[in-house]
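Read through the structure below, which is laid out as structure tokens, and then see the notes.
Protein chains: 2
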Amino acid sequence: MAAAAAESRYNMDKTALFKITYGLYLAAVEYEGERCGCIINTASQATDTPCRILVTMQKRNHTTELVMRKKSMTVSALAISCPTEVIRHFGFQSGRDTDKFADTAYRTDGEGNPYIAEHVTAYYSCRVMQSIDLDTHMLFICDVEEAENLSAEAALTYGDYRAAKNGRVSEMPVESEKKTVKKYVCPICHYVYDGDIPFEDLPDSYVCPICKQPKSIFQMIEE
Amino acid sequence: MAAAAAESRYNMDKTALFKITYGLYLAAVEYEGERCGCIINTASQATDTPCRILVTMQKRNHTTELVMRKKSMTVSALAISCPTEVIRHFGFQSGRDTDKFADTAYRTDGEGNPYIAEHVTAYYSCRVMQSIDLDTHMLFICDVEEAENLSAEAALTYGDYRAAKNGRVSEMPVESEKKTVKKYVCPICHYVYDGDIPFEDLPDSYVCPICKQPKSIFQMIEE
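Quick note, the sequences are listed as chains W and F, same order.
My numbering puts the last residue of the first sequence at 227; the count rises by one with no breaks.
My numbering puts the last residue of the second sequence at 227; the count rises by one with no breaks.
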């Protein structure tokens, strides 16, 4: 990848970062009557005593803005059976335009932050102890104040999601043109755009449905 | 879990944290002629521009001490075919007592930090830009300065490793006593001890082979 290599005097293949393993989570918050949630993939446990997790979220996300004000949120691990529709519902639209919880059954934690009890395998109620500005993203270091297993199911990984998505695509009627359609990948969360509209024809306002990166940073995949 | 619940006025089941998905990585460093590496599970990409990853490491690890001095390290994603022996070699002993790279073929990055080219699917050369003290652990916010795919293989997840380990155990001769043997889990990285020596009989100096937590924090699993 010549473009990526130019960024460093050393060997720099950003596709190598795709090898980092992620789960898939729903982060959600209620702030002054407004509820908002979005799909994220970077949550990890940092320490056990106190029980602390790290959450990285795109700054431009409306959920992130509300979390910065509220200083708390829920993080829920999606279950392996979680339908794509749930991911689309929370990941493919902005909370600025719609109340994603309006037609969704949810419960609230001790801080009034929502979490959905269906399609998730566990939730964590998180208090933000430290916020670190990483330019495009905020890193929240959180104390976990509540945690509960909501099902015995395994957690959905981003790899599972990608494989399922690819499976769905391969079930579609084979078109001879399909071979020449170029896929584009979001370099931050590895979401692969392979919709029917050619990527080039998507509006400039298109953002990654998972991590909200702008269209401009997507990278073409040669296949 | 009564013990865990006592820590919070809310519902706190720490086993819910097991649902967080992790990869499995080898972190390594060379500092003033000393090489050291250890197995870690919390590496995640934080931002794309600049290309930045988060790495959390147990403070007591010798590798962590050297990284704090050197301010750089390699992080390698283990390949799905990585033999358990490699994980044992880098995870089950301390670099204070032995040079883990002595009989291991390795290359070095631009900073002289080692990485093994076999059994890993990609490596990242990381410069520590910020270190955050999380009591038992250090959180390193790193710029990625080199990155390379070393094989086309998928990355090993901690779930794969645990499943493989459980598989190996189930292939052992069934003992009638086996049913009553209690397993213990490391609450930070979810490593499950199910060795032949009863956990209670392990020395007090026993530490989690993956994340180096002390024996005292392991939690018994009722089965």
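Note that the Cβ used here is the ideal one computed from N, Cα and C, for glycine as well.
The Cβ atoms of residue 78(W) and residue 117(W) sit closer than 8 Å to each other. Rounded to whole angstroms, the separation of the alpha carbons of residue 219(W) and residue 211(W) is 5 Å. Chain-ordered, the chain W residues with CB closer than 9 Å to the CB of residue 139(F) read 51, 53, 54, 56. The three-state secondary structure of residue 157(F), taken from DSSP, is coil. Taking all protein chains shown into account, residue 142(W) has 16 or more neighbouring C-beta atoms within 10 Å of its C-beta and is therefore buried. The C-beta of residue 128(F) comes closer than 8 Å to at least one C-beta of chain W. Taking 8 Å as the threshold, the shortest C-beta distance from residue 114(W) to chain F falls below it.
One thing to note: residue 154(W) has its Cβ within 8 Å of the Cβ of residue 124(W). Going by DSSP, residue 70(W) is part of no beta strand (DSSP E) but of the alpha helix (DSSP H) stretching over 66–74.
Counting along the chain, no beta strand (DSSP E) covers residue 100(W), and no H or E run does either. DSSP places residue 222(F) in the coil class of the three-state scheme, outside both helix and strand. Distances from the alpha-carbon of residue 165(F) to those of 130(F), 90(F), 61(F), 49(F) put 90(F) closest. Listed along chain W, the residues sitting closer than 8 Å to residue 221(F) by beta-carbon distance are 52, 53.
At least 8 Å separates the beta-carbon of residue 82(F) from that of residue 40(F). Within its own chain, the residues whose Cβ lies closer than 6 Å to the Cβ of residue 129(F), once the five positions on either side in sequence are excluded, are 78, 113, 149, 150, listed in chain order. With a cutoff of 8 Å on beta-carbon distance, residue 65(W) and residue 216(W) are scored as near each other.
Look at residue 47(W): its C-beta is under 8 Å from a C-beta on chain F. When secondary structure is reduced to three states using DSSP, residue 141(F) falls in the strand class. Taking each of 105(F), 67(F), 44(F), 62(F) in turn and checking the Cα distance to residue 137(F), the smallest one comes out for 62(F). Contacts between residue 24(F) and chain W, judged by CB atoms closer than 8 Å, involve 27, 47, 48, 49, 57, 81, 159 in chain order. Between the C-alpha atoms of residue 53(F) and residue 223(F) there is a straight-line separation of about 40 Å. When Cβ-Cβ separations below 8 Å define contact, residue 151(F) makes contact with chain W.
Interface with chain F (8 Å Cβ-Cβ cutoff): residue 217(W) is included. Among the residues of the stretch 63–76 of chain F, none has a Cβ less than 7 Å away from any Cβ of chain W. When the alpha-carbon of residue 214(F) is set against those of 42(F), 20(F), 21(F), the nearest one is in 42(F). For residue 143(W), the nearest CB of chain F lies under 8 Å from its own CB, placing it at the interface with that chain. Beta-bridge analysis with DSSP links residue 40(F) to 33(F). For the options 24(F), 18(F), 16(F), the alpha carbon positioned closest to that of residue 158(W) is the one of 24(F). Contact between residue 145(F) and residue 30(F) fails: their C-beta atoms lie close to 20 Å from each other, not under 8 Å.
Note on geometry: alpha-carbon atoms of residue 106(F) and residue 16(W) lie some 28 Å from one another. Under the Cβ distance rule, residue 88(F) does not count among the residues neighbouring chain W, no pair being separated by less than 8 Å. When secondary structure is reduced to three states using DSSP, residue 24(W) falls in the coil class, being assigned neither helix nor strand. Contact note: residue 60(F) reaches chain W through 48, 49, 50, 51, 58, using a C-beta cutoff of 9 Å and chain order. With 16 or more neighbouring CB atoms inside 10 Å of its own CB, residue 34(W) falls in the buried class. No Cβ-Cβ contact shorter than 8 Å links residue 60(W) with residue 99(W).
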